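In this note's numbering, the protein residues as written are 33 to 746. Virtual Cβ for every residue (Gly too), placed ideally from N, Cα, C. Just so we're clear, the structure is a prediction, and the values are computed from it rather than from any experiment.
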Amino acid sequence: MEKIEIIQKVLEKNKIKELNPVQKKALSLGLLDGENLIVASPTSSGKTILAELAGLNVVLNRKLKMIYLAPLVALAREKYEEFKQKYETLGIKVTISVGNFDSQDPFLEKFDWICLSNEKMDSLIRHKAPWIREIGLIVADEVHILNDFQRGPTLEILVTLLKNVCKKAQFLLLSATIKNAEVFGEWIGARVLKSSFRPTPLYFGIFLDNKIKMYGKTDYILTKELKPEEAIVENTLLMKKQIIFFLASRKNAEALAQRLSNFVFHFLTNEEIKELQKVAKKIKNVLSTPTEQCKKLATCVEKGVAFYHSGLLFEQRVLIEEAYKKGLIKVITSTTALSFGVNLPNFRAVVRDVKRYYPGFGSIFIPVLEVRQMFGRSGRPKYDSWGEGILIAKNYTELKELEEYYIKGELEEIESQITNESALRMHILSLISNEFFETEKDLLEFFKETFLGKTIKEITQIKDNIEKALFQLQKWEFIELENTKEEDNFKFVPTTLGKRISQLYIDPLTAYFFIEALKNLKEWNFIAFLSLLSKAIELKPLPNVSAKDISTIEETILQNEESFLLPIPDFFDEEYEEFLKEVKMALIFKSWIEEKSQKEIMETFNIAPGELHSRLEISDWLLYSIVEIGKIISIEENLLKEIKKLRVRMQYGIKEDLLDLIKLEGIGRVRARILFDAGIKSIKDLRKTSPESLSKILHSKTLAQKIRQQLNLN
DNA sequence: CTGCTCGACGTCTAGACAGCATGTC
DNA sequence: CTAGACGTCGAGCAG
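This is the structure we're talking about:
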């Protein structure tokens, strides 16, 4: 297909008349001629269209695949839906594969456009997916995530690796506005397109006293008597707009939401109040017994305000997003949870807390990049003719400071985080396991090809870290040094264990803990085992231990002293504090599998529902990994069975006696307990129960019918 | 005596990726 | 080594 036809198709599918300046520039830089490109421009500057243009080109003209990589599952999903809806009619086969989604890997072979999370692609490489050779275009979105301490290294290694593996592939890196885009260009041999183009302009402002000083626009004068947040909200609502506040902690977000809700309330119409009450009810009843947090959120939502952070349950997040998009919820107070993730259209964003606590550093200014990112989503092309990002100053000195740093200041450079110890040992194990590299020299060569390699002068700077990782991996027996025939030539080979751990995608240190502990595992003890589980790096940071927890925890430690699977740190040791947290987490898990309600767990341990949920999800994967490791180091069969049983109990939050009933579709922790209490204790008992009494117990005919169908009783 | 405000003091601190095999209330 | 907002609780004060 001719270039002009491709462009026309894309314009048509996006219902636009012509390309914007960024897109035109990308074409002139050779987007459709297979040129590698790094595009650094603001959110909503139409970068997705670039992926579509190049994607059509590569599929139609070169008969190769496009992979679209995103740092977030939600983002990958969003693009998948978008691509599918637009291009499936053209015969392009679009799919997605992220984590627990339904596509199987060999199955991806048949698809043209594949949306993936960075980590999923990384894992596919580890599993040596054969279709990787068919990739003609690699689109990596939000590549500024390279700067992220925890998740940046994955992307960096991934891109470096893809560069080696997919020699014939075109690279298209998409990023927010960044200072050192040129280095990216140098890194992958790409042309650089930097632009500040936005379809709707974004204005910055700083609040002080009763005024919002705007830059490039007339100032706003606000009501004097009100507190800053209230004054800004009033001004926004009078303009019939919505607003998002960004705060440093969950607590702050919740506190502000509560305060503002009593203010926003007065601006609502009767119609809105009615609708909001419906939403609030849904939010409150996500769990069978609402926790305090659920109630708090519902009360705020009734009054047109919502707080938003990772402690919320997934359904609640979705409900808030929907209600905000409909214009029902007027104000959201959020942690950074919202600055990534879904695209929530918005008019005005206020970053109230520009300082944040970093352990070991205290409270420090957050990066300019991050503030701009939070501002970035403001100004919806279809609804607003501009967007606003606002900071709050307490006095004139602070105003000047904020202005200097965030408004006029330059963005930070993106820095490689690849030297991160945990990331390094994980990726080095992976590289060796896949036999990409055999010697330390090879490995160092590879690291020269990374983004880091392009930014530092001497690779020796990270040589120590690499050597340390290699040393640890050897010590833990995940890799071995093998002497080849030729003299002076040693190569690293993975052990069976090492290979499996790399595939399981867990931190080698976690795996090491597990292995050492499994060796000591003789008798089954829940607290001991669950404390071990909580030692996993993947579950960190763990919820804090508060004063009221201490006595329970210490009692637990005392009672199980003999049973712990790894040495208990000395009381005066630094690690002791961490150990307390691990035991606390174990106690939380134990409450869960003893069928305590989420409300009760939250009240006893002060842990948000969403937090428990995400820990359980990770634990499921860790428990699977423990079983897999256990198989390799051949631990006793009955212990393996206990772990498997625990995994199911953790999944559903049930006591052991419900393990049988839970196997049925439509039966969870609550219904299984209802049946059990009614005297139906097993599937065998179920067979003997009449359909009438079954439907009576479960208060549902259809459910009883569904269960009987599964037992072939009809 | 009650109810309110103010301030000292103690407490607490963001986010969310992956394996694998099937389905909650 | 570093901060700062929130919540609780008690003191002080007005009515």
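- In this structure P575 touches E643 by the C-beta definition: roughly 7 Å separates them, less than 8 Å.
- Here A172 is near L206, since their CB atoms are less than 9 Å apart.
- Under the 10 Å beta carbon count, A579 is surrounded by fewer than 16 other beta carbons and is classified as exposed.
- With 16 or more other Cβ atoms inside 10 Å of its own Cβ, L550 counts as buried.
- For the 9 Å CB-CB criterion, K631 and P322 form a contact.
- Annotation for L148: I99, Y100, L101, A102, A108, I128, S129, V130, L156 place their beta carbon closer than 8 Å to its own, counting only its chain and skipping 5 residues before and after.
- By the C-beta criterion, the stretch 202-217 is judged to be in contact with the stretch 70-90, since at least 3 inter-stretch pairs fall below 8 Å.
- In the structure shown, the three-state DSSP call for E555 is coil.
- For A640, the secondary structure class from DSSP, reduced to helix, strand or coil, is coil.
- A618: member of the alpha helix (DSSP H) spanning 607-625, first to last residue.
- The straight-line gap separating the alpha-carbon atoms of L743 and Q737 is approximately 10 Å.
- For L344 and L376, the gap between their C-alpha atoms comes out near 17 Å.
- Annotation note: the stretch 421-451 contains the following uninterrupted alpha helix (DSSP H) runs of length 4 or greater, listed N- to C-terminal: 428-434.
- Beta-carbon to beta-carbon, L82 and K35 are separated by about 14 Å, too far to satisfy the 8 Å threshold.
- Taking L61 as the centre and dropping the five residues before and after it, the same chain places the C-beta of E67, L69, R223, L225 closer than 8 Å to its C-beta, in chain order.
- The straight-line gap separating the alpha-carbon atoms of E470 and S454 is approximately 21 Å.
- Counting only runs of 4+ residues, the alpha helix (DSSP H) found wholly inside the stretch 472-508 occupies 472-480, 483-487, 492-507, in chain order.
- Taking the C-beta atoms as reference points, S320 is found nearer than 9 Å to S629.
- DSSP places K335 in the coil class of the three-state scheme, outside both helix and strand.
- With respect to the C-alpha of G530, the residue from P399, P74, H459 having the closest C-alpha is H459.
- Rounded to whole angstroms, the Cβ separation of G419 and L234 is 5 Å, and the two are in contact under 8 Å.
- Following the DSSP letters along the chain, one finds A222 in no beta strand (DSSP E), marked with neither H nor E.
- Of the candidates A285, G394, I464, the residue whose Cα lies closest to the Cα of S342 is A285.
- Uninterrupted alpha helix (DSSP H) stretches at least 4 residues long and entirely within the stretch 678-726 occur at 701-709, 715-720, given in chain order.
- The criterion of a C-beta distance shorter than 9 Å is satisfied by E261 and L292.
- Taking the C-beta atoms as reference points, Q348 is found no nearer than 9 Å to C332.
- For the options L104, G221, R230, the alpha carbon positioned closest to that of T186 is the one of L104.
- Counting of Cβ neighbours within 10 angstroms places N378 among the buried residues, the total reaching 16 or more.
- Within the model, the alpha-carbon separation for R703 versus L730 is close to 7 Å.
- For I38, same chain residues with a beta-carbon under 8 Å away, outside a window of 5 residues either side, are L64, L85, L88, N89, L92 in chain order.
- Here Q55 is buried. Its C-beta has 16 or more other C-beta atoms within 10 Å.
- Rounded to whole angstroms, the Cβ separation of Y544 and W508 is 5 Å, and the two are in contact under 8 Å.
- Note that the stretch 295-308 does not touch the stretch 604-619; fewer than 3 beta-carbon pairs, one per stretch, sit closer than 8 Å.
- Less than 9 Å separates the beta-carbon of A560 from that of N592.
- Under DSSP, the beta-bridge partners assigned to K243 are L240, I253.
- When rounded, the separation of the alpha-carbon atoms in T542 and E570 is 8 Å.
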